[in-house]
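In the working numbering, the protein residues as written are -5 to 298.
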Amino acid sequence: MLDKERQGVIWAIGAYLVWGVLPIYWKWLNHVPSDEILTSRVLWAFIFTLLFVAMMRNSRLLIADLKTLWLNQKAFWSLFLASALISGNWFLYIWAVNSNHLVETSLGYYINPLISVLLGIIFLKERLTTAQKLAFVIASIGVLILTISYGRFPWLAFTLAISFAIYGLMKKTIPLDAVRGLTIETMFIVPFAFFYYLYLFFTDQAVLFHDSLQTDLLLILTGAATAVPLVLFAKGAQQIPLYMIGFLQYIAPTCMLFLGVIIYGETFNAIDLLSFSLIWLALILFTVSKVMEARARKIKLAKI
């Protein structure tokens, strides 16, 4: 059991590290418009995940998933909306990275868990402990300071956080295998991506096959870059407790913040440090509270 959990931690850390360093990949493609990168990502992610499902001999399960979804029209259209939402999130994320907004992008993924919990309170009637309420207040102060410092609301961070949190909430109501789920999600968007690529080719705007071999390979491999961390995450999530996933998820935005400030030289002044410190404090408080909750539940179940 302990070995399985250890393996799960390794898989999950691998997933979050890949997500954390993916901005480097998108930076390699910064000469390609964000709309084409997104289009390529959708097309090749669908092809990659479809091949992966076939290699794992899960094609029948994929067909069964589609049939089940079609019978439940609410779930079918909810997943369609989730697909559109995550596509928008992907576009904004790629644009943000290639427009030198990595620090604000990392902020979005730091506050994402707090937004997710807020949605859980509103839609799933979940309750917060006193420590978790305090975490929200501290995080809100941090965001308020940042807003005053920027002279504007950090819309980019919040749009990324809210869109991903809503996507997560919608996915929570539709239990699907991670890889097959991504295959179906990209399948919904593939027709739009395909016709948009045709438009780019017919209007001589496409970069694919019109630049260098390196660019072509990078665009084709966006499918693998999308699917590989998801597969790692799916393997890890099956073997470790939920609270541990919550703790490990901060690896990705920390990597993004490091890349933005240290590698790409984005500004990070004393006010930013103060704001982020308050948000980090809120996340530590929130995570510790969740860990204690999970342990208390485990002890309670052991006594029954």
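We treat Cβ as the ideally placed atom computed from N, Cα and C, and that holds for glycine. A quick note: this is a predicted structure, and the numbers were derived from the prediction, not measured.
Limits of the alpha helix (DSSP H) - the one that residue i falls within
{"i": "asparagine 106", "result": "96 to 118"}
{"i": "threonine 124", "result": "124 to 144"}
{"i": "methionine 50", "result": "No alpha helix (DSSP H) holds methionine 50; DSSP gives it neither H nor E."}
{"i": "proline 247", "result": "245 to 252"}
{"i": "glutamine 233", "result": "No alpha helix (DSSP H) contains glutamine 233, which DSSP labels as neither H nor E."}
{"i": "proline 185", "result": "172 to 196"}
{"i": "aspartate 210", "result": "207 to 214"}
{"i": "leucine 79", "result": "67 to 92"}
{"i": "glycine 162", "result": "149 to 166"}
Under 8 angstroms between C-beta atoms of residue i and residue j
{"i": "leucine 202", "j": "serine 100", "result": "no"}
{"i": "histidine 95", "j": "leucine 16", "result": "no"}
{"i": "serine 81", "j": "methionine 164", "result": "no"}
{"i": "tryptophan 20", "j": "asparagine 83", "result": "no"}
{"i": "alanine 39", "j": "phenylalanine 280", "result": "no"}
{"i": "valine 184", "j": "valine 36", "result": "yes"}
{"i": "alanine 200", "j": "glutamate 30", "result": "yes"}
{"i": "serine 28", "j": "serine 143", "result": "no"}
{"i": "alanine 246", "j": "tyrosine 103", "result": "yes"}
{"i": "leucine 32", "j": "isoleucine 88", "result": "yes"}
{"i": "leucine 44", "j": "threonine 177", "result": "yes"}
{"i": "serine 290", "j": "leucine 224", "result": "Note on identity: in this sequence residue 290 is alanine, with serine being the wrong assignment. Going by C-beta atoms, alanine 290 is not nearer than 8 angstroms to leucine 224."}
{"i": "leucine 267", "j": "isoleucine 135", "result": "no"}
{"i": "serine 206", "j": "leucine 79", "result": "no"}
Beta-carbon separation (whole angstroms), residue i vs residue j, contact threshold 8 angstroms
{"i": "valine 302", "j": "isoleucine 105", "result": "The first residue shown for the chain is -5 and the last is 298, placing residue 302 beyond what the model contains."}
{"i": "alanine 159", "j": "leucine 113", "result": "5 angstroms"}
{"i": "valine 222", "j": "valine 3", "result": "Incorrect: roughly 18 angstroms between the Cβ atoms, too far for contact."}
{"i": "leucine 277", "j": "tyrosine 244", "result": "6 angstroms"}
{"i": "alanine 133", "j": "leucine 154", "result": "At roughly 16 angstroms, the Cβ-Cβ gap does not stay under 8 angstroms, so alanine 133 and leucine 154 are not in contact."}
{"i": "serine 110", "j": "glycine 162", "result": "6 angstroms"}
{"i": "isoleucine 139", "j": "isoleucine 265", "result": "7 angstroms"}
{"i": "glycine 8", "j": "cysteine 249", "result": "Contact flag wrong, Cβ pair sits at about 12 angstroms."}
{"i": "valine 97", "j": "phenylalanine 252", "result": "Not a contact, Cβ separation roughly 10 angstroms."}
{"i": "glycine 217", "j": "phenylalanine 42", "result": "4 angstroms"}
{"i": "serine 283", "j": "glutamine 67", "result": "Between glutamine 67 and serine 283 the Cβ distance is about 39 angstroms, and since that is not below 8 angstroms, they are no contact."}
Residues near residue i in its chain [Cβ-Cβ closer than 7 angstroms; skip 5 each side]
{"i": "arginine 174", "result": "Val47, Asn52, Leu55, Leu56 and Asp59"}
{"i": "lysine -2", "result": "Gln233"}
Sequence-distant residues of its chain with Cβ nearer than 6 angstroms to residue i (five each side left out)
{"i": "phenylalanine 182", "result": "Phe74 and Ser77"}
{"i": "leucine 23", "result": "Ile31 and Leu212"}
Cβ neighbours of residue i in the same chain (closer than 8 angstroms, five flanking residues each side left out)
{"i": "alanine 6", "result": "Leu226, Phe227, Gly230, Ala231, Ile234, Met238, Ile239 and Leu242"}
{"i": "leucine 215", "result": "Trp38"}
{"i": "tyrosine 258", "result": "Lys21, Asn94 and Leu96"}
To test your reading of the DSSP string, which unbroken alpha helix (DSSP H) runs of 4 or more residues are found completely within the region 26 to 50? 28 to 49
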